[in-house]
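Below: the structure, in structure tokens.
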Amino acid sequence: MIRRDYLIIGAGIAGASACEGIRKYDKRGSVTLVGAEVFPPYKRWILSKTFLREKDPNLKKLQEPDERWFETHKIETRFATAVTQFNIERRLAVLANGETIEFNKACLAMGSRPVRPPVAGVNLGNVIYLRTVRDALALKEMASVERGIMVVGGGLLACEAAASLRMMKLKIGLMHRDPYLLNRYLDPETGAWLTDHFAKHSVVLSMGESLNGFEGKTVLRNIQTKSGNRFPVGLAVVACGAEPNLHLVRNTPLSGPHGSPVTEYLETEEKGIYAVGDLAFYPDRIMGGVRRQTHWENAREQGLVAGANMTGKKRIRYEQVPCFWTEMFDLRMDFVGDFSVLPTRVDLQGAYAKKKFIARYYQGDKLRAILLCQQAQRDVDSAKTQLRQALGK
Ligand SMILES: Cc1cc2nc3c(=O)[nH]c(=O)nc-3n(C[C@H](O)[C@H](O)[C@H](O)COP(=O)(O)OP(=O)(O)OC[C@H]3O[C@@H](n4cnc5c(N)ncnc54)[C@H](O)[C@@H]3O)c2cc1C
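Quick note, the numbering used here runs 17 ahead of the 1-based positions in the sequence shown.
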């Protein structure tokens, strides 16, 4: 039996930064980081961006932090190893190789996985999902030999993947059930402008089309829509959302319908067990309400906070303004605040035509979110401050 002071499950950015948070306040405690993927923690966000487009991407450059950091800070790492059982009462975790780790404190950082839509053919060959380095490498290979490629979805990942594939001069279609792209975040006018931007880059858009199924014997041949359309394609990239990897704690209080419920200190209702990143359903002390975010900065910051709290030497609340970014074609957009509800009023500063603007989203007279297109980091930081001030936080 292996005994550890700290066990971190999931070697994404949230798990890696939990290690960093621990080491900031506890230099000696024994820490093991277990991750199912073969690779050490890496910049997942790059997979749909330059990584997809580069001819020979350097896998070493992807790492975050550099793999040597774990060695220097005496963190034991076990990659290509899944935790298969998690016994909350006995504080035990069983690894896929049969080993058992007894821990004092644990952090759940298992992230999320792509949603498979509830239609026929989701497991056919050439129907692919983009989450890991392996997925991205496979997509690069397949995209180079397939003629018709359809991206299914209209969210951040779908748009980024479509833009990158199109920048590789491939013929790309995109089908989305809603009338405009990024409709979960954008107001209709900004959404229409972005959709038009994709059309101008020759992405063949099928808006308002719902997926009915993927057809083919073993490999994809057609995509069928609910309206009865049939698109003959050789490859589909499905990006219909990400769901939390909760199987390890299913049917326990550590698993809820929206993620793993945690306090403002990112601790679950089991003392000493924390949840972070894409997995955590946390109280948002800035915007109000309870939410789960599936964005990089949130995962990184939550890991740091939970790691510090795990040591018992700190008691830090997680209170960050929600913030994420995206890149598609020649655009970089930063989203600061709460985009979950459509604004009642939008205050636009700048111009869509110049592809450079700031849109402030209001609910009544309350500022709730700020969208920045092609702005500098200092403007993003200032947007966070404006929101805090507007909310009196
Ligand atoms: C292609 C792509 C592009 C993105 N682009 C952006 C972007 O531009 N901006 C942005 O803000 N966000 C972006 N995101 C989202 C961002 O990458 C995630 O929010 C972030 O990676 C979440 O980090 P995490 O550590 O919580 O989870 P993950 O990154 O999902 O890592 C969790 C890890 O835990 C492992 N694991 C799961 N179960 C087990 C188990 N039982 N045992 C051991 N290990 C396990 C998984 O294999 C995985 O390696 C993107 C995501 C993707 C997929």
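Each residue gets a CB set at the ideal place from its N, CA and C atoms; glycine is no exception.
Identity of the residue in the options nearest residue i by Cα
i, options, result
"V150", "R183, F68 and P131", "F68"
"K234", "N121, N140 and V266", "N140"
"G190", "L359, Y59 and V220", "V220"
"V162", "I26, S277, L265 and L252", "L252"
"L388", "Q403, D382 and L76", "Q403"
"H90", "E71, S47 and M18", "S47"
"I19", "A53, I39, F87 and R95", "R95"
"M184", "W313, L24 and R70", "R70"
"T242", "W342, P134 and G305", "P134"
"A256", "L228, Y23, G38 and N268", "L228"
"K157", "T280, Q394, A179 and V169", "A179"
"P274", "Y335, R21 and R308", "R308"
"D396", "C340, P360, T361 and V363", "C340"
"Q406", "V338, Q394 and R362", "V338"
"R247", "P74, M192 and K60", "M192"
"G329", "G208, K288 and A316", "K288"
"P360", "D73, D83, D204 and L76", "D204"
"E81", "K66, I145 and G32", "G32"
Cut-off 7 Å between Cβ atoms - residues of its own chain near residue i, not counting five sequence neighbours on either side
i, result
"R148", "R130 and P131"
"A259", "S129, R130, P131, V132, D295 and T311"
"V236", "L141, G142 and N143"
"L187", "A160 and I166"
"Q391", "L348, R349, K372 and K373"
"F103", "A110, L265 and V266"
"L283", "Y291, A292, V293, A297, Y299, Q319, V322, A323, N326 and Y335"
"A35", "I25, C124, A126, V293, G320, A323 and G324"
"V55", "F96 and A97"
"N200", "G171 and G208"
Sequence-distant residues of the same chain with beta carbon closer than 6 Å to residue i, five excluded per side
i, result
"F356", "Y202 and A386"
"R40", "H90"
"V51", "I26, R95, T98 and V100"
"D351", "W342, L389 and V397"
"G230", "V136, A137, G138 and Q241"
"R362", "Y379"
"K122", "Y23, G289 and M327"
"E93", "T49"
Straight-line Cα distance separating residue j from residue i
i, j, result
"R349", "A292", "30 Å"
"Q319", "P300", "12 Å"
"A153", "L64", "6 Å"
"E106", "L265", "14 Å"
"G381", "V358", "12 Å"
"Y379", "F215", "27 Å"
"A110", "E119", "6 Å"
"L384", "L365", "13 Å"
"E314", "V353", "11 Å"
"E88", "I30", "17 Å"
"T269", "K401", "36 Å"
"K410", "I303", "7 Å"
"K6", "A53", "There is no way to answer for residue 6, as the model of the chain reaches only from 18 to 410."
"T49", "L112", "12 Å"
"S399", "Y23", "37 Å"
"R108", "E281", "23 Å"
"E116", "N239", "45 Å"
"L182", "V168", "10 Å"
"L222", "V250", "14 Å"
"A175", "R45", "43 Å"
"E206", "V254", "27 Å"
"W86", "A316", "19 Å"
"N114", "D73", "33 Å"
"L76", "K60", "10 Å"
"W62", "A155", "17 Å"
"H218", "T212", "10 Å"
"G306", "I333", "19 Å"
"G245", "G367", "41 Å"
"R164", "I145", "15 Å"
Whole-number beta carbon distance between residue j and residue i, since they are thought to touch under 8 Å
i, j, result
"M345", "E177", "5 Å"
"G138", "E226", "Not confirmed; about 16 Å, so no contact."
"A321", "E37", "Contrary to the premise, residue 321 reads as Leu rather than Ala in this sequence. Right, the Cβ-Cβ distance comes to about 6 Å (below 8 Å), so this counts as a contact."
"A325", "Y42", "6 Å"
"L17", "T343", "The question about residue 17 has no answer, for the chain in this structure spans 18 to 410."
Close-in-space but distant-in-sequence residues of the same chain around residue i (CB under 8 Å, 5 per side omitted)
i, result
"D347", "K372"
"S277", "L125, P261, L263, V266, L271, T285, A292, L296, A297 and F298"
"W210", "Y369"
"R194", "G171, G225, E226, S227 and L228"
What are the uninterrupted segments assigned as alpha helix (DSSP H) that are 4 or more residues long and contained completely in the stretch 364–390, given in chain order? none
For the stretch 277–320, list the beta strand (DSSP E) runs that are entirely contained and at least 3 residues long, ordered along the chain. 290–292 and 297–300
At which residue ranges does the stretch 325–352 contain complete beta strand (DSSP E) runs of 3 or more residues, listed in the order of the chain? 340–345
Completely contained beta strand (DSSP E) runs for the stretch 220–268, where each covers 3 or more residues: 221–224, 228–232, 239–242, 247–249, 252–255 and 259–261
Complete runs of the alpha helix (DSSP H) confined to the stretch 20–56 [at least 4 residues]: 30–42
Threshold first: 4 residues or longer. Then list the alpha helix (DSSP H) segments lying entirely within the stretch 107–181, N to C. 150–162
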